[in-house]
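Student: Protein chains in written order, with the numbering used here: chain S, 25 to 244; chain Z, 25 to 244. Yeah, the Cβ is synthetic: ideal placement off N, Cα and C, and Gly gets one too. Note that the structure is a prediction, hence the values are computed from the model and not measured.
2 protein chains.
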Amino acid sequence: MSSEQPAKKRISESTIHRLSMYYRTLSLLQKEGYETVSSKELANREKLTPAQVRKDLSFFGSFGTRGLGYDVNELKAKIGEILGIDRQWKLAIIGIGNIGSALVNYKEFSRQGFSIVKLFDNDQRKIGSNHKGIIVSDIKNLDKEIAEDGIEMVIITVPATVAQYMVDDVVRAGVKAILNFAPINLKVPPNVYLRNENMSMELEYLSFAIVNNHTPKNSK
Amino acid sequence: MSSEQPAKKRISESTIHRLSMYYRTLSLLQKEGYETVSSKELANREKLTPAQVRKDLSFFGSFGTRGLGYDVNELKAKIGEILGIDRQWKLAIIGIGNIGSALVNYKEFSRQGFSIVKLFDNDQRKIGSNHKGIIVSDIKNLDKEIAEDGIEMVIITVPATVAQYMVDDVVRAGVKAILNFAPINLKVPPNVYLRNENMSMELEYLSFAIVNNHTPKNSK
Chain S
25 MSSEQPAKKR ISESTIHRLS MYYRTLSLLQ KEGYETVSSK ELANREKLTP AQVRKDLSFF
85 GSFGTRGLGY DVNELKAKIG EILGIDRQWK LAIIGIGNIG SALVNYKEFS RQGFSIVKLF
145 DNDQRKIGSN HKGIIVSDIK NLDKEIAEDG IEMVIITVPA TVAQYMVDDV VRAGVKAILN
205 FAPINLKVPP NVYLRNENMS MELEYLSFAI VNNHTPKNSK
Chain Z
25 MSSEQPAKKR ISESTIHRLS MYYRTLSLLQ KEGYETVSSK ELANREKLTP AQVRKDLSFF
85 GSFGTRGLGY DVNELKAKIG EILGIDRQWK LAIIGIGNIG SALVNYKEFS RQGFSIVKLF
145 DNDQRKIGSN HKGIIVSDIK NLDKEIAEDG IEMVIITVPA TVAQYMVDDV VRAGVKAILN
205 FAPINLKVPP NVYLRNENMS MELEYLSFAI VNNHTPKNSK
């Protein structure tokens, strides 16, 4: 562990999700014309305690001024930098089925700096079709096009049976992070970050909560 | 805390997600004709350690037989019961935009016992239209139709600005669990379970990992 960044090593998933929520709230506060915000006001909007907000933000250095609160623009910029969304990311979606097509149109992505620049499918009826100005590419050219375009993140929405092949391809092409919707455990090398999105498992989490009459700890 | 179920109180989110994964793997093993499975084989397929598998499963009582492993059918039935997917759940989707329409067609839901029976929207062009045999209802009748049909879970895919109103309506109508795709913190009473799905936040989690060169603990 390097001494330059000891704090980062202890950041939990839930802290990062709260940073994302703060970022959204700060964007809203900007629009509403606020220049400063107190930890109490931020906590109210997030349905958290002020102590939690102060703890989260102190983690990355002391932003607030006692009595004045946080500077909205400055805090938003700082959180954006921590989350790595102070820049544009080029993404590809692999698999243009129901979920893939819906994600092409998902406005939240571009709003947060995630720009979908390529779409891939293996279905001849889909290859060449236009989705929001992007022409669907043949999956055969996956690694070549990913490498040429310098795409760093991909979203995988192919069937579970072929997901690992796609992952191996894009990893070879230099992709650094994968958001996976296929219901399977994928293998990636240690320098590639993987996140699994399984909406059916989210419902199972809820059915668990109903039948057992409780939610687990660390609930999101 | 009741003495009948002390163990359940300590179950973490990641344990429940692993149970969901075991359930999927056991379904696959059934199809492949396996009658028993060892903790080692289960661990291999999930990319976990055998000790982790044994720990997870022992949490709910002792299923395995030393030397023989677990009975596939029995273990699958038991995990299905724990997750509450040994029955059918009736769901409604509120908001038939890009994501909502994609979810109507999402086969994983019905495969795991989640049956979408109602769709709601406020757009006159969508009301009355047919999605996989389900006619989109007017959002005006939301609470009435939810209550009449005995729907216990809903998926919210409306804009953030109106999501809380929808939630208040369905809670009054008797809904017990909500999967929320709107990028907002929703308020629900303590007896209603809420789960937030924010795909843009998942990408922010990945951009955080890339720029900070590490993943947080408890990563999913």
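Could you check whether the Cβ of Z:Ala233 sits closer than 8 Å to any Cβ belonging to chain S?
Tutor: As a position in the second sequence, residue 233 of chain Z is number 209, starting the count at 1. Cβ-Cβ to chain S under 8 Å: yes for Z:Ala233.
Student: Does the region 105-123 of chain Z come within contact of the region 48-68 of chain Z, defined as at least 3 CB pairs closer than 8 Å?
Tutor: Counting Cβ pairs under 8 Å, fewer than three are found: no touch.
Student: By the DSSP assignment, the beta strand (DSSP E) with Z:Ile180 in it spans what residues?
Tutor: Stepping through the second sequence from its first residue, residue 180 of chain Z is reached at position 156. Counting along the chain, the beta strand (DSSP E) containing Z:Ile180 begins and ends at 177-180.
Student: Among S:Leu115, S:Tyr217, S:Ala171, S:Asn209, which has the Cα closest to the Cα of S:Pro183?
Tutor: Here the question's residue 183 of chain S lines up with position 159 in the first sequence. Checked all of S:Leu115, S:Tyr217, S:Ala171, S:Asn209; the closest Cα to S:Pro183 is S:Asn209.
Student: Among S:Ser224, S:Gly93, S:Ile118, S:Ala206, which has the Cα closest to the Cα of S:Lys164?
Tutor: Translated into positions along the first sequence, residue 164 of chain S becomes position 140. Ranking the options by Cα distance to S:Lys164, first place goes to S:Ile118.
Student: With a threshold of 8 Å between beta-carbons, can Z:Ile40 be considered close to chain S, or not?
Tutor: Walking along the second sequence from the start, residue 40 of chain Z turns up at place 16. Yes, its Cβ sits closer than 8 Å to a Cβ of chain S.
Student: Identify each residue in the region 63-91 of chain S for which the Cβ-Cβ distance to at least one residue of chain Z is less than 9 Å, and report them in chain order.
Tutor: Cβ contacts with chain Z: Arg69, Glu70, Lys71, Leu72.
Student: For Z:Ile120, go through chain S and note every residue whose CB falls closer than 8 Å to its CB, in chain order.
Tutor: As a first step, residue 120 of chain Z is located in the second sequence; it is residue number 96 there, counting from the start. Those do not exist, as Z:Ile120 stays about 11 Å from chain S at its closest Cβ, beyond 8 Å.
Student: What residues in its chain sit with their C-beta under 7 Å from that of S:Asn242, if we drop five residues either side in the sequence?
Tutor: Within the first sequence, the letter at position 218 stands for residue 242 of chain S. Reliability of the predicted coordinates at S:Asn242 is poor, the pLDDT of 45 falling under 50, and the value obtained from them is presented with this limitation in mind. If we look at S:Asn242 and ignore the five residues flanking it on each side, its Cβ neighbours are Ser38.
Student: List the residues of chain Z that S:Arg48 touches, going by C-beta distances under 7 Å, in chain order.
Tutor: Walking along the first sequence from the start, residue 48 of chain S turns up at place 24. The answer, in chain order, is Pro207.
Student: Who are the neighbours of S:Arg188 on chain Z, taking C-beta pairs under 7 Å?
Tutor: Locating residue 188 of chain S in the first sequence gives position 164, where the first residue counts as 1. It is Gln, not Arg, that sits at residue 188 of chain S in the sequence shown. None at all; the shortest Cβ gap to chain Z is about 11 Å.
Student: With 8 Å as the threshold, decide whether the Cβ of S:Lys200 is near any Cβ in chain Z.
Tutor: Looking up residue 200 of chain S in the first sequence gives position 176. Taking Cβ atoms only, chain Z reaches closer than 8 Å to S:Lys200, which makes this a yes.
Student: How is the beta strand (DSSP E) around S:Ala116 delimited, first residue to last?
Tutor: Translated into the one-based positions of the first sequence, residue 116 of chain S becomes position 92. Element bounds for S:Ala116: 113-118.
Student: Answer yes if the region 166-177 of chain Z comes into contact with the region 192-200 of chain Z, meaning at least three C-beta pairs across the two stretches below 8 Å, and no otherwise.
Tutor: At 8 Å Cβ cutoff, the stretches touch.
Student: If we call anything under 8 Å between Cβ atoms a contact, is Z:Val216 one with Z:Val199?
Tutor: For this step, residue 216 of chain Z is matched to residue 192 along the second sequence. For this step, residue 199 of chain Z is matched to residue 175 along the second sequence. Their beta carbons are under 8 Å apart, which means Z:Val216 touches Z:Val199 by this criterion.
Student: Determine which residues share a DSSP beta bridge with S:Leu218 and list them.
Tutor: Sequence index remark: in the first sequence, residue 218 of chain S carries index 194 (1-based). S:Leu218 pairs with S:Ile202.
Student: Considering Cα atoms alone, identify which of Z:Asp162, Z:Phe133, Z:Asn129, Z:Glu132 is closest to Z:Phe144.
Tutor: Reading the second sequence from its first residue, position 120 is the one you call residue 144 of chain Z. Here the closest residue by C-alpha is Z:Asp162.
Student: Determine which residues of the region 158-177 of chain Z have a Cβ less than 8 Å from any Cβ of chain S, and write them out in chain order.
Tutor: Listed by position, the residues of the region 158-177 of chain Z near chain S (Cβ gap below 8 Å) are Glu176, Met177.
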